[in-house]
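Positions in the sequence shown are counted from 1; adding 1004 to them yields the numbering used here. Where a beta carbon is used, it is the ideal one built from N, C-alpha and C, also for glycine. Since the model is a prediction, treat every value here as computed from it, not as a measurement.
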Amino acid sequence: MFQRIYVEKKIRKHRRVLEIISKLPNLPLVEIENYGEIFFRKGQDFLLQKKFPSLVLSKKEGERVQKMPDFCPAPLKEKYYFSHVLGCLMDCEYCFLRGALPSANVVVFINYEDFFQDLPAGKAFVSTAFENDSLSMENLLGFVKVAVDYANKFPEKTIELRTKMANADSLPESPPSNLILSFSMSDESAWKKHEAGTASPERRLLCAAKMKQRGWKIAFHFDPLFDDSLPMRTIKKFHNLLADESQDFVSTNCYREKKFRGQKEKVFLGVRGAPLSYFTVGRLRMSSDFRKKARRISSLNLSLKF
Ligand code: SF4
1005 MFQRIYVEKK
1015 IRKHRRVLEI
1025 ISKLPNLPLV
1035 EIENYGEIFF
1045 RKGQDFLLQK
1055 KFPSLVLSKK
1065 EGERVQKMPD
1075 FCPAPLKEKY
1085 YFSHVLGCLM
1095 DCEYCFLRGA
1105 LPSANVVVFI
1115 NYEDFFQDLP
1125 AGKAFVSTAF
1135 ENDSLSMENL
1145 LGFVKVAVDY
1155 ANKFPEKTIE
1165 LRTKMANADS
1175 LPESPPSNLI
1185 LSFSMSDESA
1195 WKKHEAGTAS
1205 PERRLLCAAK
1215 MKQRGWKIAF
1225 HFDPLFDDSL
1235 PMRTIKKFHN
1245 LLADESQDFV
1255 STNCYREKKF
1265 RGQKEKVFLG
1275 VRGAPLSYFT
1285 VGRLRMSSDF
1295 RKKARRISSL
1305 NLSLKF
């Protein structure tokens, strides 16, 4: 997974750092003063780092919580995000991180509790996966336990974990109902063409079904692109798993089609209403500067035109 671990000297003996390092015993370890030395250095080769990333362990000081931009769909008006992880091991061609981050090395800020502590009081939606994927490194990072503790203490907050993976086995059963596991969904052709390293849409749906049965609140984000509809066989399989008398998560005969102005894509939703926590339908969201950079990075192998 990683080639090397960089760790800030000041946290070298931190309990969480020791735990993470113990799970990667064969990797070379390099002590640094500050994560910026590695993450922001000049002349980095993003695509090469994508293939051979390093893990950078740091402690986040200063501003940790941000207001979520208005154009990001969320189930509550008051919405925040934080990034205890910068970077992702998967490699979606359209990922805004290609434009937003200077490096494909992955930074983990190990003081998770401080991020939660900085959230303003009151009812709000909180995304914890704005610049990372919640499940891709969970076995290594152990973030979810901290999220569960916070969600238990602050029921007025809706905390979101978000993923394109399907490896949720290590997550606890029956977490608090204000902790949501959401899946970013694509159809199969978009997945095959543009989402290297992620679980197939079918596996994501099956994982959602399984986690629903294990007491998790589930949500879906149908974005940022669909080439065509989810295959019917995938939706049917999903229905078969959930549409029994004990489940009211899906309806077996309700397919909704949404068309969006200026887009050819159609989205067929084989899911309906409560107790699905929410779903959103989004578009590719990237500022023009980020887009230019992402295009430059991707110029050798881009199959998606944006
Ligand atoms: S899974 Fe999400 S964060 Fe990771 S590369 Fe894909 S779009 Fe980016």
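If distances are taken between C-alpha atoms only, which option among LEU1145, SER1107, MET1169, ASN1182 comes closest to LYS1127?
Measuring from the Cα of LYS1127, the nearest candidate turns out to be ASN1182.
Start and end of the beta strand (DSSP E) containing LYS1161?
Run containing LYS1161: 1161-1167, per the beta strand (DSSP E) assignment.
Less than 8 Å between C-beta atoms, sequence neighbours within five positions excluded: which residues of the same chain meet that for LEU1165?
Once the five neighbours on either side are set aside, the close Cβ partners of LEU1165 are THR1132, ALA1133, SER1138, LEU1139, VAL1148, ALA1151, LEU1183, ILE1184, LEU1185, SER1186.
Can you grab the Cα-Cα spacing for the pair SER1193 / ARG1208, in whole Å?
Each residue's Cα considered, the two are about 15 Å apart.
Which residues in the same chain have their Cβ closer than 6 Å to the Cβ of ASN1136, if we skip the five residues on either side of it in sequence?
Cβ neighbours of ASN1136 beyond the five flanking positions: VAL1089, CYS1092.
Just the C-alpha distance for PRO958 and LYS1064, rounded to the nearest angstrom, thanks.
The first residue shown for the chain is 1005 and the last is 1310, placing residue 958 beyond what the model contains.
Going by DSSP in three states, TYR1010 sits in which element: helix, strand or coil?
In this structure, TYR1010 counts as strand in the three-state DSSP scheme.
Our contact map puts LYS1027 next to LEU1101 with C-beta atoms below 8 Å; I'd like the distance itself, whole angstroms only.
Approximately 24 Å separates the beta-carbon atoms of LYS1027 and LEU1101; this is outside 8 Å, ruling out the contact.
May I ask you to check if the CB of ASP1137 is nearer than 7 Å to at least one heavy atom of the ligand SF4?
Under cutoff, so the answer is yes.
Cutoff 7 Å; reference SER1174; Cβ partners in own chain excluding five residues on either side:
Correct list, in chain order: GLU1142, ASN1143.
LEU1052 versus VAL1111 - alpha carbon distance
For LEU1052 and VAL1111, the distance between alpha carbons rounds to 16 Å.
Do PRO1106 and PHE1006 have their C-beta atoms closer together than 8 Å?
Their beta carbons are not under 8 Å apart, which means PRO1106 does not touch PHE1006 by this criterion.
Taking the alpha carbon of LEU1059 as the reference point, which residue from LYS1157, VAL1021, MET1215, HIS1225 has its own alpha carbon closest?
When the alpha-carbon of LEU1059 is set against those of LYS1157, VAL1021, MET1215, HIS1225, the nearest one is in VAL1021.
Residues in its own chain within less than 6 Å of ILE1009 by CB, not counting five upstream and five downstream?
A distance below 6 Å between beta-carbons, with the five flanking residues on each side excluded, links ILE1009 to the following residues of its chain, in chain order: LEU1031, LEU1033, LEU1059.
If you draw a straight line from the C-alpha of ALA1172 to the C-alpha of TRP1195, how long is it?
Spanning the alpha carbons of ALA1172 and TRP1195 requires a straight line of approximately 19 Å.
Which value, in whole angstroms, describes the spacing of the CA atoms of GLU1012 and ASP1095?
Rounded to whole angstroms, GLU1012 and ASP1095 show a C-alpha spacing of 26 Å.
The alpha helix (DSSP H) with LEU1051 in it runs from where to where?
From DSSP, the alpha helix (DSSP H) with LEU1051 extends over 1050-1055.
Which same chain residues, not among the five before or five after ALA1155, have their C-beta less than 6 Å away from its C-beta?
Closer than 6 Å at the Cβ level, and outside the excluded window around ALA1155, lie ILE1163, PRO1180, ASN1182, LEU1183.
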